[in-house]
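Chains as they are written, first to last, in the numbering used here: chain A, 94 to 466; chain B, 197 to 419.
Glycine residues also receive a C-beta, built at the ideal position from the N, C-alpha and C atoms.
Model, not experiment: these values are computed from the prediction.
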Ligand SMILES: Nc1ncnc2c1ncn2[C@@H]1O[C@H](COP(=O)(O)OP(=O)(O)OP(=O)(O)O)[C@@H](O)[C@H]1O
Ligand SMILES: [Mg+2]
């Protein structure tokens, strides 16, 4: 065992730089992917023109709240300017806050608060409209609640005298303290009004795919060493080829596991993401064995790279993580059985595939033993 | 020491080795000659246990090739026709690598001595920078790490200059005479065969080598 580890050290010593690069690549891919995904999301906001016919407090509040969303950038413009830009498709749509907005809002009249323009190329018109309507509903809801309370107050002729403003302020306070009010008026798709981040990517998910791919790449040593001219020497050595291979797989596994724990630390620091250690360990062992079995079957380095890339892409698609048709688990349950990453992606221990790989390793070992006996 | 009886080998009904029988004694150097494709490498691989004969019996000392394969392998030093070393490692690292996996533990000094005995002195040099002759020497040195008593060498001197060839030859002679090792090796160089070998085995249909060696008054066994 010690001897085999030393021989591996001799070989790895010559390529430690490239090995380190490969080993760290899944982390870099995950971090890189997440930060690009964020910038793309930041850059990708729908330009919307806002025309304020009245410059009331409520009108400005609406404008501000629309701008708070990462989905939309609202520009305050004159009506003419806005329509000109809409015609030139510089704006997706234009919303006009009508004269009397604040009064209508406070009297609970929800009609004719807004007027909108859109073109045949206003792809985001509907979601933006819904978002603005939901913000207004939130506001009218609040005012309605305030009015109800005031009415109650007058009815019960209490000596306390609340003004609408005080009640709205109170309601805002409650909204911040409790999620209740906010939940009711959440704009669909913009899940958190106070923390406007679009879709949240899980670094572990990106990492899992990268890790599977890169592990197969790293395991090309199996192919290279099987083909190496030195392979003919194994029958004349104390340590037999299958043992040598098995211990080396173990060495790689341990090195990769250590890096995985470092990864867990990095993801915690960067994204406050925690992970179940057993889920990570079982995943790593499974991926190493799977990579080993795969390259043992393929026997050609180039084909193994191609196969790894295609397979990873297929897994990304059937996991439904990147393509829009649905979340994890939305695709039929049976197909997940064929996805070695599924258990890890759902935060579970990789049991089935690990068992499958261990059986595969046992078969491989027995066959190799026979071949070299 | 090595006893071969009625050895046959065919690939897909094509007979390569046809009823070979011979004895080889301790400390003997035996040359194996024949044209390309005659079956020299095949015979060496069978004697090295890495290929099974179609029929026939082989004994190494008292040990039977069919029953005691594992123990026989410990005694065999096989030098493959294609150089089997790690190109990216140095001479030292190559020796250490195979020593670690070997039956016998050797110190760094002992490993270095094997190399120096055949004038392979570029100990810290990566193999990829070595000349062909140096690589051949290392190819041989690695096979000697576990002190085998039977050395099987497949064209150990092919494609190298006369000086290295002489050095390897002298080394083999010393191994046979001083250390009582049995050596079987193949070569296409008849001068070398005549100089080094006690006896010669020729195989193949072509009687060219047989006639050549008999003229030169060598003891020849032909199959
Ligand atoms: N595994 C195999 N399957 C089928 N035929 C084989 C196999 N190995 C060798 N042969 C055939 O057996 C014959 C002998 O091959 P071998 O390599 O032993 O010749 P050789 O005497 O070593 O030749 P060379 O001088 O070129 O090294 C060749 O015709 C070769 O094609
Ligand atoms: Mg040959």
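DSSP state of residue i, grouped into three classes?
i, result
"residue 296 of chain A", "helix"
"residue 407 of chain B", "helix"
"residue 392 of chain A", "coil"
"residue 126 of chain A", "helix"
"residue 447 of chain A", "helix"
"residue 373 of chain B", "helix"
"residue 211 of chain B", "strand"
"residue 216 of chain A", "coil"
"residue 293 of chain B", "helix"
"residue 399 of chain A", "helix"
"residue 216 of chain B", "strand"
"residue 381 of chain B", "strand"
"residue 147 of chain A", "coil"
"residue 385 of chain A", "helix"
"residue 306 of chain B", "helix"
"residue 244 of chain A", "helix"
"residue 210 of chain A", "strand"
"residue 362 of chain A", "helix"
"residue 204 of chain B", "strand"
"residue 232 of chain B", "coil"
Could you tell me whether the Cβ of residue i comes closer than 8 Å to any Cβ of chain A?
i, result
"residue 264 of chain B", "no"
"residue 318 of chain B", "no"
"residue 276 of chain B", "yes"
"residue 296 of chain B", "yes"
"residue 259 of chain B", "no"
"residue 306 of chain B", "no"
"residue 280 of chain B", "yes"
"residue 379 of chain B", "no"
"residue 404 of chain B", "no"
"residue 272 of chain B", "yes"
"residue 289 of chain B", "yes"
"residue 285 of chain B", "yes"
"residue 293 of chain B", "yes"
"residue 269 of chain B", "yes"
"residue 353 of chain B", "no"
"residue 398 of chain B", "no"
"residue 245 of chain B", "yes"
Cβ-heavy atom distance between residue i and ligand 1 below 7 Å?
i, result
"residue 448 of chain A", "no"
"residue 335 of chain B", "no"
"residue 232 of chain B", "yes"
"residue 207 of chain B", "yes"
"residue 242 of chain B", "no"
"residue 307 of chain A", "no"
"residue 389 of chain B", "no"
"residue 212 of chain B", "yes"
Heavy atom of ligand 3 less than 7 Å from the Cβ of residue i, yes or no?
i, result
"residue 364 of chain B", "Ligand 3 is absent from the structure shown, which contains only ligand 1 and ligand 2."
I'd like to know whether the C-beta of residue i is nearer than 8 Å to at least one C-beta of chain B.
i, result
"residue 332 of chain A", "yes"
"residue 103 of chain A", "yes"
"residue 96 of chain A", "yes"
"residue 322 of chain A", "yes"
"residue 460 of chain A", "no"
"residue 326 of chain A", "yes"
"residue 100 of chain A", "yes"
"residue 345 of chain A", "no"
"residue 474 of chain A", "Past the boundaries of the shown model lies residue 474 of chain A; chain A is included only from 94 to 466, so the question cannot be answered."
What whole-angstrom Cβ distance do residue i and residue j have, given they're in contact under 8 Å?
i, j, result
"residue 314 of chain B", "residue 381 of chain B", "Wrong, their Cβ atoms sit about 14 Å apart, outside the cutoff."
"residue 394 of chain A", "residue 123 of chain A", "Actually they are not in contact, since the Cβ atoms of residue 394 of chain A and residue 123 of chain A sit about 25 Å apart, beyond 8 Å."
"residue 335 of chain B", "residue 281 of chain B", "6 Å"
"residue 373 of chain A", "residue 357 of chain A", "6 Å"
"residue 224 of chain B", "residue 369 of chain B", "Actually they are not in contact, since the Cβ atoms of residue 224 of chain B and residue 369 of chain B sit about 11 Å apart, beyond 8 Å."
"residue 147 of chain A", "residue 190 of chain A", "7 Å"
"residue 183 of chain A", "residue 140 of chain A", "7 Å"
"residue 261 of chain B", "residue 254 of chain B", "4 Å"
"residue 328 of chain A", "residue 269 of chain B", "6 Å"
Distance cut 6 Å, beta-carbon to ligand 2 heavy atom: residue list by chain order: B:236, B:237, B:277 and B:350
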